[in-house]
Structures are given as structure tokens and as C-alpha cells.
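What follows is one structure encoded as C-alpha cells, with my remarks underneath.
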Amino acid sequence: MRHFELLTLGDELLLGLVGNSHGTFIGSQLARRGVMLQRNITLGDDAGAIARQFAESWRVADVVITTGGLGPTCDDRTREAVARELGQKLVHDENVERALRERFERFGMCMTANNLKQAQRPERAEILHNPNGTAPGLWVEQDGKVLCMLPGPPNELRPMFTEQVMPRLARLGFIAGEEAYVQMRTIGVGESLLETKLQPVFDRHGASDPARLGVAYCAHPGAVDCRISSPGGLISRTQLENIACECAAQLGENLLCVGHDELPQVVARLLVANKRLLAIAEDATGGMLANCFNDIPDQNHFFAGAAVCHTHESKMQLIDVPEEVLLQHNGASDEGAIAMATGAAERMGADYALAITGFEYNPRAGNEHGGPVHIGMYSPNGAWAKTVTYPGPPLALRQRAITAGLDWLRRELLKEKNTQS
């Protein structure tokens, strides 16, 4: 197996000013192609430290990936430090300079002289085009090894990695040309129960031999992933997919998907398939529920809109929650959640609506949870509410409440889809 190392660079990472998500993203992308990162080391912007660590990683690894330190300012030192360790001179790339000038002109901005630093590259490096920023990535093949240098901003790094780096690694044979495992994403069933349900299927297909069938579980809040693979290559991809189909029959509605889709994507796909529109009303989650759908294309095909209402007045004015409901039951109640969902659906012309209202978190009082949270659903068949209580701080509680609400909606949409078919 090839040895991969990742160097994430930047003082801002060590100071905690920016979250270090690169290891998670790059590690997961490589794992899909049968490769595990051996190390992820985070360093500051000191050129000497970068050079020393790169020299060590270059000595032991087949592939070294760096992130950050390719920008125009004085603290961007990765390019220079690495070039010295490779024994390559930095050269000025006219094509990169031209692209930089065109980008600044396109956005009506004046390009300062320090931006030309981004046009420098090790003399034998190839440029990885960056359509989302100014600093290009760099690709070096030397001594039978690969160096990939990527910019730090995630919106620049991620598309560059998936669209340019992964195909190059596959062509060189450093990663598999297709996914190395089949993933089943489940929801509403715990890790231990999931294993109990699926183990008979795996036993029928030779799970006693780990070279034949590998099984791995990964738990997330409210969900569990199960990945199956054939480490020894004794089972084909098609056979793995057939095993996943057998597992799906055992799981029923607890199977979210086969693949990597998140819960909001699955819900959106079901809404489109059922030709339904969704509306959202929320106070406890402060817009987080609506935000789940922000990055899904063609929202107008399934998402009518959302209202974030904290006060009684805003609930009455924006989504027509009756004043008597608020006075008799308070907004944070099952009755309030049903009224919010119903009002949102009727105001926005939606077929379904979800509402989340609830908790007050007071850490000074020593409470370990912020519950209860009330989730309301409006559907073509009626309106209901449920109450959930989870331990943990506010953010974790909000996320779990959102998962519970979306999964409830998913199951209702599945029932409707099955009825239609």
C-alpha cells in the first residue's frame, strides 16, 4: 500500500482561529479509493519547521500533500521551503501571471505587486488551476514520488482535490480507479443493533475471512455508517453491491442510502420524486434547519421557504400562529410546533412543513440538557408533533433535533412514495 502523508500549514490552525477540516476531507476522499493517510501533521508558518518536516515526510512517503502557505503575503512560505528541499529553483510562470491579472481585471480590482509571488513555482512543477482563488496548486513528480501542494481555503482546495488531484493519482496507480468499498448509511438504529441485524448477511458471504469481506462501522449523532469491502480483492464491486442490497432488505426504512448522501439530500430527492414542496418554521434552531438545504441544487423544485420566529409577535405575523395557542400553551410546546408547521405550510403554499421550537439552555443553572424540543410536522394527511430530549450543549441538541425532524419527514415521504407506486 502506498504511504500518504498530509502537512496542514498555517499559524491560524495552531492558534485555533480557523478550523482544520483538511485532514477529515482529504482522508475521507482517499479512503474511498482504498488509501489511508499515515500521518497528518499541522505546522505553523515557520519556514525552517516546514522544511524539516517536509524533508522527513518526503523521505518516508510515496505521496506528500501540503495545504496552505501558497498565498501572496509574507507569511506564505511553503513554496520556497519545499522547493529548496526538492533541489529545485523557483521560476516565474507567465501563464499564472496572466491568469492572475485577468482575474483581478474581471472583478474590477487592482492587483498589488505581492500577488506575483503566486506565479512562482518549482522549476519542474506543474500548475493545478484554481478557478476559485488566486493561488494555484502545484504538482511535482520526482524520485518515483508525488508532491501535491494545495491552497488553504476549503472552497479552493476541495474542488481542486476532487477534480484534479484524485484523477492524477488514479492514473499513476497510487489510488484505486473506483471506490474501494460500498457504504450503507443508516439512521434510527444504534451501532450494536445494526451489527446484530447485518451479521447473518455478512456471515453468508464469508465474513469469517477478513481478506474476503471486510466490515467497518462508523457512528455519527443519530446515524451509523457500515462499509463493506474486499481487502484481498476476492469479491467484485458488483458482488459487494449485491450484498448491500441484501442488507437493505433487512434494514427497511432505517436505510438512509447506499453511498455518501447526507440526510437533507435524501429528503430533497424524495420531495422532488413526490412532487412536493417543503416549508420550514423554527425558533430553537435559529435557521440551522433551513440552512441544511442551502447547498442542494434546484431548491425551487422542493423548498418553498423558511421563517425564523423567536417572539410571539413574529410567529403571529409571519406564519399566522393563533394568539390563543401561544397564550394557552406557549410557543415552546407540541401545540405551538403544530401551529408553526401549519402556518408555514399555508403561508408558503407548501405540501409539507417542519417546525422546531423549544429549549432554553442555562449553563449557570447546571442543567446538562436543553430540552425538551418540540418538532411539528404538517403533511397532506394531517399535522402532528413529537417531543425529544437529548443530553449535551445547545449546538449538539440543535443538530440532533434537526436530524430527528428530517428523518421523521423522510419516513413520511417514503410512505407516500410507496403508496403512489
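Each step along the sequence shown adds one to the number in my numbering, with nothing skipped, and position 58 is 98.
We put the beta carbon where it would ideally sit given N, CA and C, even for glycine.
Distance between beta carbons of residue j and residue i, contact taken as under 8 angstroms
i    : j    : result
F201 : I66  : 6 angstroms
L110 : P191 : 5 angstroms
T397 : H369 : Actually they do not touch by this definition, with Cβ atoms about 11 angstroms apart.
K457 : N314 : 6 angstroms
G108 : T64  : The pair is not a contact, with the Cβ atoms about 15 angstroms apart (cut-off 8 angstroms).
D133 : G84  : Contact flag wrong, Cβ pair sits at about 27 angstroms.
C258 : D249 : Incorrect: roughly 22 angstroms between the Cβ atoms, too far for contact.
V100 : H43  : 6 angstroms
R73  : E166 : That pair is no contact at about 21 angstroms.
S419 : E452 : 6 angstroms
I215 : V75  : 5 angstroms
Endpoints, the alpha helix (DSSP H) within which residue i is located
i    : result
I336 : Careful: I336 lies outside any alpha helix (DSSP H) and carries neither H nor E.
S269 : Note, S269: premise wrong, no alpha helix (DSSP H); beta strand (DSSP E) at 263-269.
I442 : 434-460
G383 : 374-388
V307 : 303-314
F65  : 62-72
D51  : 51-54
E196 : 194-200
I283 : 277-291
P207 : 206-212
V365 : 363-369
A153 : No alpha helix (DSSP H) holds A153; DSSP gives it neither H nor E.
A330 : 328-331
C-beta contact flag for residue i and residue j at 7 angstroms
i    : j    : result
G262 : T443 : yes
M224 : A308 : no
E45  : R79  : yes
T106 : M189 : yes
E435 : L394 : According to the sequence provided, residue 435 is Leu. The question's Glu does not apply to it. Taking 7 angstroms as the Cβ cut-off, L435 and L394 do not qualify as a contacting pair.
L310 : T226 : no
G317 : A344 : According to the sequence as given, residue 317 is Leu; it is not Gly. Contact: yes.
M328 : R438 : yes
H245 : L253 : yes
A123 : P171 : no
I275 : V255 : no
W179 : L197 : no
V103 : V186 : yes
L332 : P362 : Checking the displayed sequence, the identity of residue 332 turns out to be Cys instead of Leu. Their beta carbons are not under 7 angstroms apart, which means C332 does not touch P362 by this criterion.
V241 : E286 : yes
N60  : L53  : yes
V312 : H350 : no
DSSP beta-bridge partners of residue i
i    : result
A175 : DSSP lists no partner for A175.
S419 : G422
E322 : V348, I396
A256 : R267
E166 : W179
F44  : L77, V103
T427 : H414
V222 : I268
I227 : A263
Q160 : H132
P147 : Sequence inspection shows Phe at residue 147; the Pro mentioned does not correspond to that position. Note: F147 sits in no beta bridge, so no partner.
F343 : L318
N- and C-terminal bounds of the beta strand (DSSP E) containing residue i
i    : result
K129 : Note, K129: premise wrong, no beta strand (DSSP E); not H, not E.
R79  : 77-83
V298 : 295-298
K237 : It is not in any beta strand (DSSP E) - K237 instead sits in the alpha helix (DSSP H) that spans 231-244.
C188 : 185-190
- prompt: Contact between the region 85-92 and the region 317-327: three or more CB pairs below 8 angstroms?
  reply: no
Segment contact flag, the region 416-429 with the region 376-386, C-beta cutoff 8 angstroms, min 3 pairs: Verdict: yes, contact present.
query: Is the region 334-343 touching the region 352-363, taking contact as three or more C-beta pairs under 8 angstroms?
result: no
query: Do the region 119-139 and the region 152-165 make contact, defined as three or more Cβ pairs closer than 8 angstroms?
result: yes
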